[in-house]
Amino acid sequence: MVNQAFASRTFPGESAIGKRIASDLSSDESGKADFREIVGVVANVTRSSLAETPMPEIFLPFGQVAAAPPWFALRVTEDPAAYVETIRGVVAQQDATLPVYAVRTNVLTRSTAQQKFQTMLIAAFAAIALVLAAIGLYAVLSYMVAQRTLELGLRMALGAQRADVLTLILRRGLLLSAAGVVVGLAASAALTRYLATLLFHTPGLDALTFAATTSLLILISAASCFWPAWRASRLDPNLTLREH
Amino acid sequence: MIKMHQLERSYKTGHTETFVLRRIELKLEQGEFLTIMGPSGAGKSSLLNVLAMLDDQWRGEFFFEGAAVHAMNRKQRAELARKRIGMVFQSYHLLDDLTVAENIDLPLSYKDISRPERQALVADTLDRFNIVGKKDLFPSQLSGGQQQLVGIARAVIHRPSLLLADEPTGNLHSEQAIEIMELFRTLNREGTTVVQVTHSDVNAAYGTRTIELRDGWITKDTGGPVVGSRAVVSGGVAGR
């Protein structure tokens, strides 16, 4: 059997099944390479890290070619260390002479530790950026409301209802946010290839991720805009006009 | 058209209550041109703000075209004011980032009127006030008199029955002031009830009736006897 990486590299555009290949891992009695027929194609498997590029591989029956000591990978839901004795028992039941050695736990966790740390770091910075953006937007809108108090009071004196003022300020705030989101999306799209090493099974330009992030940003922007807009809608036009 | 009975307005500062309007008794008929005069702090602008329904912290009775304003909530008062009252300010209060046409359109934009109808009303008003050529200019490009003209156009575009003006010529030179006062007279003759606050006797002469306020009391009314004023009811002062 071969893996997909082998099949696609060696037999591009055609089926690998039925093809014959020779490997220096096995030979006949005269020492010549032993031709074998491909009977199946299996998925690629990464061994040391999820980030590694799958290499072309062939799989030979261990009973025929014991090229290297076999090793097994187990995915368990509980504490991996608790399974060690169980595994030794299972292997001993098959063949008591086989030693079980070099048992390692948390292989997957260790292999992704660096990426997870980097992702966590990026997420932390992103969260800080989001909070700063929300505070910035709140400050800008609060300032705008303070600057335009007379205008808002005047609009109310000329017939604007509280809902009109609320909508006016929210619209301006969300327009600012939308402009920021558009610029941010364009920058993100341009920079995703630099993030590609941190993504597993997720394309750089993932529509769902972009949609979810945009929705979150708009939601937080709306929340940041709401309080200044609410305060503006509570202005007393009489007091405002008198003060000006 | 307007009837006020025992209307009072005061501000609380700590434990002190300062009255700016005292026991106001006022009747105003449709088509009158009323001038409110008096020294600074007499309560002129406070009375105007009550009439404009911008202020709702007063006590007493206030009827507008038969409707009991004192029984209305804030929203109902705002709705009534939006439909029936126009307001002209001393400092014009035009929005700097809107053109003349857009400023005039502003009150209509808060009414349930279609855009074509609004455009037609704005065009009519621009024509009526002879400012068609200035419709695309911004307030900063106009003289003070022209800005006040736009302010008045904005105040009357929705055909209010009551037009209120707070020192409308206070920032204008005499020639521009005459123009503006002539305009008020024309509007009044066309049927709009006008109430102006002014310090100017010349401006007051354009009106049909003058009341004078002092310390929140009506002390003089050329339209009839002063009722409930400090001059007549001395108990009012003693009761303060």
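Respectively, the protein sequence lines represent chains G and E.
All the letters of the first sequence, read from the start, carry residue numbers 1 to 244 under the numbering used here.
All the letters of the second sequence, read from the start, carry residue numbers 245 to 484 under the numbering used here.
Just so it is clear, CB atoms sit at the ideal spot from N, CA and C, and this is done for glycine as well.
Everything numeric in this text was worked out from a predicted model, so none of it was measured.
Asked	Found
Can you grab the Cα-Cα spacing for the pair residue 271 of chain E / residue 346 of chain E, in whole Å?	36 Å
Does the beta carbon of residue 412 of chain E come closer than 7 Å to any beta carbon on chain G?	no
Could you check how far apart the C-beta atoms of residue 76 of chain G and residue 25 of chain G are, in whole angstroms? I think they sit under 8 Å.	Actually they do not touch by this definition, with Cβ atoms about 31 Å apart.
Can you name the start and end residues of the beta strand (DSSP E) that residue 194 of chain G belongs to?	Where residue 194 of chain G is concerned, there is no enclosing beta strand (DSSP E), although the alpha helix (DSSP H) it sits in stretches over 162-195.
Closer than 8 Å by beta-carbon distance: list the chain E residues that pair up with residue 237 of chain G, in chain order.	298
Rounded C-beta distance between residue 362 of chain E and residue 349 of chain E? I'm assuming under 8 Å.	6 Å
I'd like to know whether the C-beta of residue 157 of chain G is nearer than 7 Å to at least one C-beta of chain E.	yes
Could you please give the first and the last residue of the uninterrupted alpha helix (DSSP H) stretch that includes residue 149 of chain G?	149-157
Cβ atoms of residue 251 of chain E and residue 285 of chain E: under 7 Å apart, would you say?	no
Could you give the DSSP three-state label for residue 319 of chain E: helix, strand or coil?	helix
Closer than 8 Å, Cβ to any Cβ of chain G: which residues of the segment 303-337 of chain E, in chain order?	319, 322, 325, 326, 331, 333, 335, 337
Taking the Cβ atom as the reference point for each residue, do residue 354 of chain E and residue 153 of chain G lie within a distance shorter than 7 Å?	no
Kindly indicate which residue of G/204, G/226, G/237 has the alpha-carbon position closest to the one of residue 190 of chain G.	G/204
Is the Cβ of residue 52 of chain G closer than 7 Å to any Cβ of chain E?	no
Using 7 Å as the limit for Cβ to Cβ distance, is residue 354 of chain E near chain G?	yes
Just to confirm before moving on: does the CB-CB distance between residue 56 of chain G and residue 5 of chain G stay below 7 Å?	yes
So with Cβ pairs under 7 Å, would you call residue 350 of chain E a contact of chain G?	yes
Can we say the segment 418-432 of chain E touches the segment 362-372 of chain E, given the rule of at least three CB pairs closer than 8 Å?	no
For residue 341 of chain E, which option in E/380, E/325, E/424 has the closest C-alpha, if you only look at C-alpha atoms?	E/380
Specify the secondary structure class of residue 443 of chain E as computed by DSSP and reduced to three states.	coil
With distances taken between CB atoms, is the gap from residue 397 of chain E to residue 332 of chain E smaller than 7 Å?	no
Hey, does residue 347 of chain E have any beta-carbon neighbour from chain G nearer than 7 Å?	no
So, under 8 Å CB-CB, residue 439 of chain E and residue 406 of chain E are touching, yes? Tell me the CB distance rounded to an integer number of Å.	7 Å
Residue 112 of chain G: which of G/207, G/199, G/229, G/241 sits nearest, CA to CA?	G/199
Grouping DSSP H, G and I as helix and E and B as strand, with all else coil, what is residue 205 of chain G?	coil
Is residue 215 of chain G helix, strand or coil by DSSP?	helix
Beta strand (DSSP E) containing residue 36 of chain G: first to last residue?	33-37
Please classify residue 145 of chain G as buried or exposed, where buried requires at least 16 other C-beta atoms within 10 Å of its C-beta.	buried
Using the three-state DSSP reduction, which class does residue 262 of chain E fall into: helix, strand or coil?	strand
Let me see if you follow: with CB-CB separation under 7 Å, is residue 151 of chain G close to chain E or not?	yes
Counting only Cβ-Cβ distances shorter than 8 Å, please list the residues of the segment 421-440 of chain E near chain G, keeping chain order.	none
Should residue 291 of chain E and residue 324 of chain E be called a contact, given that it needs their Cβ atoms to be closer than 7 Å?	no
Using only CA atoms, which one of G/67, G/17, G/9, G/8 lies nearest to residue 23 of chain G?	G/67
From the DSSP output, in three-state form, read off residue 330 of chain E for me.	strand
Does the ligand ADP have a heavy atom nearer than 6 Å to the CB of residue 186 of chain G?	Absence of the ligand ADP from the depicted structure is noted, as is the absence of any ligand whatsoever, leaving it without description.
For a quick check, are the C-beta atoms of residue 276 of chain E and residue 437 of chain E less than 7 Å apart?	yes
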